[in-house]
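Q: Could you have a look at this structure, given as structure tokens, before my questions?
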Amino acid sequence: MQMGRRDQAQEAGDNSTNYQAGKDIHVHGLSIDEARTVALDVFRSNALELAGVAQTLAVARAEQLTNEFLTKLETVIPERVDQLADPDVQSVVFQAQKEFARSGEDELRVALVDLLAARVGEEDRNLRTLALNEAIVSAPKLTEKQRRAIAWVFYLRYTRPTNIGTPEDYYLRLKNEVSALGISLPTGHADYQHIEYVGAGSLSISSHSFANGIMSGVEGLYTKGFAENDIDAALLTELQACQFVIPALRDQSRFQLNLLADEDLEKRATVLGLEGRIPDLKNVVSLGRMSEGEVSDEVVARVPEFSTLRDTWDDDKTGLRSLTLTSVGLALGHAYWTRLTGSNASLEIWLP
163 MQMGRRDQAQ EAGDNSTNYQ AGKDIHVHGL SIDEARTVAL DVFRSNALEL AGVAQTLAVA
223 RAEQLTNEFL TKLETVIPER VDQLADPDVQ SVVFQAQKEF ARSGEDELRV ALVDLLAARV
283 GEEDRNLRTL ALNEAIVSAP KLTEKQRRAI AWVFYLRYTR PTNIGTPEDY YLRLKNEVSA
343 LGISLPTGHA DYQHIEYVGA GSLSISSHSF ANGIMSGVEG LYTKGFAEND IDAALLTELQ
403 ACQFVIPALR DQSRFQLNLL ADEDLEKRAT VLGLEGRIPD LKNVVSLGRM SEGEVSDEVV
463 ARVPEFSTLR DTWDDDKTGL RSLTLTSVGL ALGHAYWTRL TGSNASLEIW LP
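Numbering-wise (the working numbering), the sequence shown opens with residue 163 and increments by one.
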């Protein structure tokens, strides 16, 4: 299928308006119908070098994507509809139309609709705008499995669970996540090299195990605690006085710090007036910590669906555990993760 530029000369049909992506277009106060006309006329004017059935199919696909995108826009951020008059927005909408017209891949269409809506929601030209623009270009260059892998890397390496109090709470959350995201990931190293090639990620020297990804931000759930005589008596008294120690979640006869995420240790200690005890507290927080193997095995026992994902992630031959995300990968992973899990977390958290 060949799609290229053609001469910009146009003739307007009945009840239509000509728009050209090759020139800046300045239209203000667009209605939803006018926005649809802009988007589809730009596509017809610039993408079609096809004939017969191929042209009909390409136009139908472009119309489907455009209608779904504008419907979402009208529902979520109707005040941003007139952004279709922006040449930069027109360019990425056209790119999305063209790529879906070529592939017809349903999952890609949905991903592009999400990315387009997120892009139009940005008011200023900033890092998020640039990342979303590139994500719209990059998404069609990836398979569905590769996009899913990016979503899992985003979730396990870049998100932090909230409103979690017990291991049971967390495993319920994980069951929902694995059900929403799916576990069919690429198993070949070339797939992850390709993710790097399109600019969504980078295969680093360091690696991040499956267990580390699971524990990240909820390390306090994965400790067996410490006995009363495992730490200095004076320190234990201080911790009890400020309620910074509680019965261990996994063994009520033992203790653990009243802390879910290791990264919050220094901040919490400072708030409680324990700045001078931070070196000691770093030792305490490690007492009774479960090994990576124990964590990995428990996760699979509690959520068996994770077995395949765990094996793929920890297989050095795939490269998945070494994959870090670029700004483009963060935008892609965020869009995929929020859509499938229903999270309303803003991309601004990761791309300020």
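Even glycine gets a Cβ: it sits at the ideal position worked out from N, Cα and C.
Just the Cα atoms here: how many angstroms apart are P302 and S341?
A: One-based indexing of the sequence shown puts residue 302 at position 140. One-based indexing of the sequence shown puts residue 341 at position 179. Whole-angstrom Cα-Cα distance: 24 Å.
Q: Please name the residue or residues paired with F388 in a DSSP beta bridge.
A: The sequence position of residue 388 within the sequence shown is 226, counting from 1. Paired residue(s): F417.
Q: Relative to the alpha-carbon of S508, which residue among P329, T321, E306 and K479 has its alpha-carbon at the smallest distance?
A: Counted from its first residue, the sequence shown places residue 508 at position 346. When each option's Cα is compared against that of S508, the closest is T321.
Q: Counting C-beta neighbours from all protein chains within 10 Å, is the total for T228 16 or more, i.e. buried, or is it exposed?
A: Taking the first residue of the sequence shown as position 1, residue 228 is located at position 66. T228 comes out buried.
Q: Of all the options Q252, F316 and L513, which has the alpha carbon lying nearest to the alpha carbon of T500?
A: Here residue 500 refers to the residue found at position 338 of the sequence shown. Per the Cα distances, F316.
Q: Take G382 as the anchor and find which of F417, A293, G350 and A297 has the nearest alpha-carbon.
A: As a working mapping, residue 382 is identified with position 220 in the sequence shown. The option with the nearest alpha carbon to G382 is F417.
Q: To which residues of the same chain is L471 closer than 8 Å at the C-beta, ignoring the five residues directly before and after it?
A: Start at 1 with the first residue of the sequence shown, and residue 471 comes out as number 309. Same-chain partners within the cutoff: W314, V340, I345, L347 and F372.
Q: Nearest by alpha-carbon distance to V282: which of E437, A362, V243 and Q257 is it?
A: Translated into positions along the sequence shown, residue 282 becomes position 120. Nearest of E437, A362, V243 and Q257 to V282, Cα basis: V243.
Q: Excluding five sequence neighbours on each side, which residues of the same chain lie with their C-beta closer than 7 Å to the C-beta of A389?
A: For the purposes of this step, residue 389 is taken as residue 227 along the sequence shown, with counting starting at 1. Around A389: R416.
Q: Check whether the Cβ atoms of A258 and I312 sit closer than 7 Å, and answer yes or no.
A: Reading the sequence shown from its first residue, position 96 is the one you call residue 258. Reading the sequence shown from its first residue, position 150 is the one you call residue 312. No, these two residues do not count as a Cβ contact at 7 Å.
Q: Buried or exposed: G184, going by 16 or more other Cβ atoms within 10 Å of its Cβ?
A: What you label residue 184 is simply residue 22 of the sequence shown in a count that begins at 1. Confidence is the limiting factor: at G184 the pLDDT is only 41, short of 50, which leaves the residue's position unreliable and the question unanswerable from this model.
Q: To which residues does DSSP link G363 through a beta bridge?
A: Indexing the sequence shown from 1 puts residue 363 at position 201. Bridge partners of G363: L487.
Q: Would you mind stating whether V462 and S469 have Cβ atoms separated by less than 7 Å?
A: Position 300 of the sequence shown, counting from 1, holds the residue named residue 462. Position 307 of the sequence shown, counting from 1, holds the residue named residue 469. A contact, by the Cβ cut-off of 7 Å.
Q: So, for L541: in the same chain, excluding its five sequence neighbours on each side, which residues have a beta-carbon less than 8 Å away from its beta-carbon?
A: Given a span of 163 to 514 for the chain in the structure shown, any question on residue 541 remains unanswerable.
Q: Could you name the residues of the same chain whose beta carbon sits closer than 6 Å to that of G481, not counting the 5 residues immediately before and after it, in chain order?
A: By one-based count along the sequence shown, residue 481 stands at place 319. Excluding sequence neighbours, G481 sits near H351, Y354 and L365.
Q: To which residues does DSSP link D254 through a beta bridge?
A: Numbered from 1 along the sequence shown, position 92 holds the residue referred to as residue 254. The identity of residue 254 in the sequence shown is Val, whereas the question assumes Asp. Its beta-bridge partners do not exist; DSSP assigns none.
Q: For P409, list the residues DSSP reports as bridge partners.
A: On the sequence shown, position 247 is the one that residue 409 refers to. In DSSP, P409 forms a bridge with F417.
Q: Give the DSSP-derived three-state secondary structure of R287 in the structure shown.
A: The count along the sequence shown starts at 1 and reaches residue 287 at position 125. Residue state, collapsed to three classes: coil.
Q: Quick one: using the 10 Å Cβ neighbour count with 16 as the cut-off for buried, is K429 buried or exposed?
A: Within the sequence shown, numbered from 1, the residue matching residue 429 stands at position 267. By the neighbour-count rule (16 or more Cβ atoms within 10 Å), K429 is not buried but exposed.
Q: Mind pulling the alpha helix (DSSP H) runs of 4 or more residues that sit fully within the stretch 322 to 383?
A: 329 to 343, 351 to 359 and 372 to 377
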